Each structure stands twice: as structure tokens, then as C-alpha cells.
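Colleague: In the working numbering, the protein residues as written are 141 to 206.
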Ligand SMILES: [Cu+2]
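(1) Residue 146: beta carbon under 7 angstroms from a heavy atom of ligand 1?
(2) Report the rounded CA-to-CA distance for residue 193 versus residue 204, giving the unit in angstroms.
(3) Beta-carbon separation of residue 151 and residue 176 under 8 angstroms?
(4) Within the present structure, is the beta-carbon of residue 151 separated from the nearest heavy atom of ligand 1 by less than 7 angstroms?
(5) Near residue 172, which residues of its chain fall below 6 angstroms by C-beta distance, leaving aside the five closest residues on each side in sequence?
In C-alpha cells, the structure reads:
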């Protein structure tokens, strides 16, 4: 299942690495695609949308369902 978010405060490669690592620590098989230009985050994993958003929020970012 694909989860799409806009993360306005995901602005550089460091942000992408932090978010990707946190998601893959929780779901090792998650496919994460992030674009700092559009602030778009796509996470392909069989999990609850809110659970994915919570992991991103825990890292200090602000995901909005897109
Ligand atoms: Cu950054």
C-alpha cells in the first residue's frame, strides 16, 4: 500500500536520510521515495497511514497526507 505525504520541512538530503532510516528501521521492506524539491514523500509498505505519519513526526517533521 502506498502512502503519499507532503512534508514541507523535508528540505535536504539529511532530512531524506533521517526519514528514510526511521521508516526502514520500523519496516525494513519499506520502499521510500522522497523529493526535496516538491517535498513529496512516498512510502510503499503494508501499514497504517497514521503509523507511517507517526514515524515521520517522531523525527521532528510535519507530514500532511497528499
Ligand atoms: Cu534537511
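All C-beta atoms, glycine included, are put in the ideal place defined by N, C-alpha and C. This structure is a prediction, so every number in the text was calculated from the model and none was measured.
Modeller: Straight from the coordinates:
(1) Within the chosen limit of 7 angstroms, ligand 1 does not reach the beta carbon of residue 146 with any heavy atom.
(2) The straight-line gap separating the alpha-carbon atoms of residue 193 and residue 204 is approximately 8 angstroms.
(3) Yes, the Cβ-Cβ distance between residue 151 and residue 176 is below 8 angstroms.
(4) Distance from the C-beta of residue 151 to the nearest heavy atom of ligand 1 is below 7 angstroms.
(5) For residue 172, same chain residues with a beta-carbon under 6 angstroms away, outside a window of 5 residues either side, are 160, 163 and 183 in chain order.
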